[in-house]
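The sequence shown maps to residues 15 to 193 in my numbering.
Cβ atoms here follow ideal geometry from the backbone N, Cα and C, with glycine treated the same way.
For clarity, every value in this text was computed on a predicted model and none was experimentally measured.
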Amino acid sequence: MSIAWDQPTYSGTAGSVAGINAKETTYHISCTKDAPKSLCQIDKPWTMIQAENSWSLTGVYTAWSSEKGGNAVTATQDYSCSFKHWTESPSCSFSVMVTGTIGGGPWSSSASTHLSIPSDKVTSFGLLVTGGVESFTMPQATQTPGAAAAALGAPGKAKAVATGIPLAGAAAVAVAAMF
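In C-alpha cells:
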C-alpha cells in the first residue's frame, strides 16, 4: 500500500518562551485557543530551539484521520539545521516517523534525509509569541550558560551569541527550505 503524505503548514499556531539565555531561545509551539482543526492539529506543544548557529523543531501532530473506517495517523517530526552564522551554509536533517491505523490495521513508515542547502534558499517566517515575552527583558536572557563553570576552568567553553528578539510579540525564525 502506498500512501502520500504532505508536511502541514499551520496558520493557527503561537509560541511561548520556554527557556532563554544568551546562547539560545526555546519556544513551545501550540495551536491558538480558537484555531479550528483545519488550521492546527498539534495535540502536545512542539519544541523549537533557535540559536545563532542552529535551529531545531520537534513535535507530534495528526497527519490525517477519518471518522469512517477508524483511520488515524500521527507523525513525529524532527528538523535540525546548523549554520555558519544565521543563514550561511545551512546543513539540515529531517526525519519523520508516521504511525497509526489504516484500513483497520496497524501501519507505520519513516523517512529521513540530510542535505546542504544554498544560503539563498533559507527563508524566514514570523512566529506569534503569546507567552513568556517578558523573558526577553529578564536577566537570564543575557546570561551565558556555563559561563561561571568555564571561568573556573571546567570543561565546555561558553560563548555568548544573539538570539531571536521579538518585535511586538513576534520572533523571526530562519528555516532552510528542505523540499
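Cβ separation of Leu53 and Ser25, assumed to be a contact under 8 angstroms, to the nearest whole Å
5 angstroms
| task | For Pro104, count neighbouring Cβ atoms within 10 angstroms of its own Cβ and tell me buried if that reaches 16, exposed if not. | result | buried
One question on the structure: do Asn85 and Ile56 come within less than 8 angstroms of each other, judged by their Cβ atoms? no
query: For Gly146 versus Ser70, is the C-beta distance shorter than 8 angstroms?
result: no
* Asked: Trp60 and Ile34: beta carbons closer than 8 angstroms?
  -> no
Applying the criterion that 16 or more other CB atoms from any shown protein chain within 10 Å of the CB defines a buried residue, is Glu38 buried or exposed? buried
Please confirm whether Thr76 and Thr90 have their CB atoms less than 8 angstroms apart.
no
### Cβ shell of Pro169 (< 7 angstroms), same chain only, five flanking positions each side left out
Unreliable positioning characterises Pro169 in this predicted model, as indicated by a pLDDT of 35, which lies under 50. The coordinate reading is nonetheless provided below. Result list for Pro169: empty, nothing under 7 angstroms.
DSSP three-state call for Thr159: helix, strand or coil?
The sequence given here has Pro at residue 159, not Thr. The answer is coil: DSSP assigns Pro159 none of H, G, I, E or B.
Q. On the three-state DSSP scale, how would you describe Pro50?
A. coil
key: First and last residue of the uninterrupted beta strand (DSSP E) at Gln64   = Trp60 to Ala65
**Between the CA atoms of Glu81 and Ala32 - distance to the nearest angstrom** = 35 angstroms
**Asked** Ala28: buried (16+ other C-beta within 10 angstroms of its C-beta) or exposed?
**Response** buried
- Cβ neighbour criterion (16 or more within 10 Å) applied to Thr151: exposed
At the level of alpha carbons, what is the spacing between Gln154 and Ala49? 32 angstroms
> Measuring CB to CB, does Gln157 end up less than 8 angstroms from Ala36?
Replying inline: yes
Where does Thr137 land, buried or exposed, given buried means 16+ other C-beta within 10 angstroms?
exposed
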